[in-house]
Amino acid sequence: MTLAASRDGYGAALLKLAEDPKVVVIEADLGKSTKSQMFRKEYPERTISLGISEQNMMLVSAGLATSGYKPFASTFAIFTERGFEQVRNGIARPNIPVHICGSHGGIHTGTDGSSAQSIEDLAIYRSLPNMIVLHPSDDLSTEYLTTQLLEMDSPSYTRTARNKTPRIYDSETVKELRIGKAELLEDGDDVAIIACGVMVSRALEVSKILAEENISAAVIDMHTIKPLDGEMIDYLAKTCGCFVTIEDHSIIGGLGGAVSEHLSSNLPCPIERIGVNDHFGESGQGDELLDKYGMGIQDIVNAARSAIARK
Numbered sequence: 236m237t238l239a240a241s242r243d244g245y246g247a248a249l250l251k252l253a254e255d256p257k258v259v260v261i262e263a264d265l266g267k268s269t270k271s272q273m274f275r276k277e278y279p280e281r282t283i284s285l286g287i288s289e290q291n292m293m294l295v296s297a298g299l300a301t302s303g304y305k306p307f308a309s310t311f312a313i314f315t316e317r318g319f320e321q322v323r324n325g326i327a328r329p330n331i332p333v334h335i336c337g338s339h340g341g342i343h344t345g346t347d348g349s350s351a352q353s354i355e356d357l358a359i360y361r362s363l364p365n366m367i368v369l370h371p372s373d374d375l376s377t378e379y380l381t382t383q384l385l386e387m388d389s390p391s392y393t394r395t396a397r398n399k400t401p402r403i404y405d406s407e408t409v410k411e412l413r414i415g416k417a418e419l420l421e422d423g424d425d426v427a428i429i430a431c432g433v434m435v436s437r438a439l440e441v442s443k444i445l446a447e448e449n450i451s452a453a454v455i456d457m458h459t460i461k462p463l464d465g466e467m468i469d470y471l472a473k474t475c476g477c478f479v480t481i482e483d484h485s486i487i488g489g490l491g492g493a494v495s496e497h498l499s500s501n502l503p504c505p506i507e508r509i510g511v512n513d514h515f516g517e518s519g520q521g522d523e524l525l526d527k528y529g530m531g532i533q534d535i536v537n538a539a540r541s542a543i544a545r546k
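In terms of this note's numbering, the numbers along the sequence shown are unbroken and rise by one, the last being 546.
Pasting the structure below:
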């Protein structure tokens, strides 16, 4: 089993995108952590480091985009929120294609503690018109989806993770990924487990445990939170009839919220949401914190059983 961090995929993607001379990278003091330093090392003349100035980073990126450049701006997920007003009014409202990456999202970030663990970023950016919101599951999917952003005419927010998790894709299967289209990793007809980010590997573990109980679980990587793949959700509602969503994010407004909204308007059926249940995190090891806050393997298994019982 190969372990890798999705933030490494972001850095690799920037190097691939460098073939376009209009691609520029903007940093806010954290290039080493976000992995944008990989681009800076090779293309210093196309990298702008603004220091600890996230609000400036957002508007400088907007200015570059309106001047014919293709900016990719990154910092920690929690620090992108310092520039939210600038993202809203200077990027999303005029629909300017600036691509923002927030690294170290979720409580899986671990020892940095609650002040650095963004549990609300996906909900915040999902609420903005025109914004594409991505949360890939591994380094390869992050790399592949980030390169697709270059063809988008809208701004985007991508969340990456610091810690290494099991690689979900390989060099061939990753080529199936498309922004806005969920990936069906395991088919099943008893319960649909929809996950994103670092939780996708846990969803796959759970499907194996459930299989031992003769429970057939579909596992879906919902790497694109917005636009949400409603067609996939409708298919699963008809074939499985119940859902479990898993995210290292607040269950309010993130993946669980998005899936619930879609189901309530289209094909209502039971859903159990696994995620951060309306509280902040704390300092600790990533997996330790997930287990403590009800996002462990057994918690997901129990949620699947509960969803099935409610059908």
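We treat Cβ as the ideally placed atom computed from N, Cα and C, and that holds for glycine.
| Asked | Found |
| --- | --- |
| CA-to-CA distance, D405 to T237, given in whole angstroms | 10 Å |
| Stretch pair the segment 412 to 419 + the segment 463 to 477: three plus CB contacts closer than 8 Å | yes |
| Span of the alpha helix (DSSP H) around K527 | 521 to 527 |
| Beta-carbon contacts of Q520 that lie in its chain and below 8 Å, excluding the five residues immediately before and after | G345, T346 |
| V409, enclosing beta strand (DSSP E) - first and last residue | Premise fails: V409 is in no beta strand (DSSP E) and is neither H nor E. |
| Boundaries of the beta strand (DSSP E) in which I261 is found, first to last residue | 258 to 262 |
| Supposed close pair A240, R397 - CB separation, criterion 8 Å | 6 Å |
| Pairwise C-alpha distance: A358 and I460 | 9 Å |
| Inter-stretch contact at 8 Å, needing at least 3 Cβ pairs: the segment 246 to 256 / the segment 272 to 283 | yes |
| Which of helix, strand or coil DSSP assigns to G340 | strand |
| T346 (DSSP reduced to helix, strand or coil) | coil |
| At least 3 beta-carbon pairs within less than 8 Å: the segment 331 to 338 vs the segment 290 to 304 | yes |
| Cβ pair Q321, H339 closer than 9 Å | no |
| Start and end residues, beta strand (DSSP E) containing A427 | 426 to 430 |
| Start and end residues, alpha helix (DSSP H) containing H497 | 490 to 500 |
| Beta-bridge pairing of F478 - partner residues as DSSP gives them | A427, I506 |
| Given E285 as reference, the closest of S451, Y278, A300, G266 once Cα atoms are compared | According to the sequence shown, residue 285 is Leu rather than Glu. The option with the nearest alpha carbon to L285 is G266. |
| Reduced DSSP category for R242 - H, G, I as helix; E, B as strand; rest coil | helix |
| Boundaries (first-last residue) of the beta strand (DSSP E) holding F314 | Segment 312 to 315 is the alpha helix (DSSP H) holding F314; no beta strand (DSSP E) there. |
| Endpoints, the alpha helix (DSSP H) within which R437 is located | 435 to 446 |
| Whole-number beta carbon distance between L445 and A544, since they are thought to touch under 8 Å | Not a contact, Cβ separation roughly 13 Å. |
| Spatial distance of A297 from T408 (CA atoms) | 34 Å |
| Close-in-space but distant-in-sequence residues of the same chain around R508 (CB under 6 Å, 5 per side omitted) | T480, I486, G491 |
| Nearest neighbour of V441, chosen from L384, S372, I532 [CA to CA] | I532 |
| Pick from N324, C475, G465, F515 that is closest to A493, judged by C-alpha positions | G465 |
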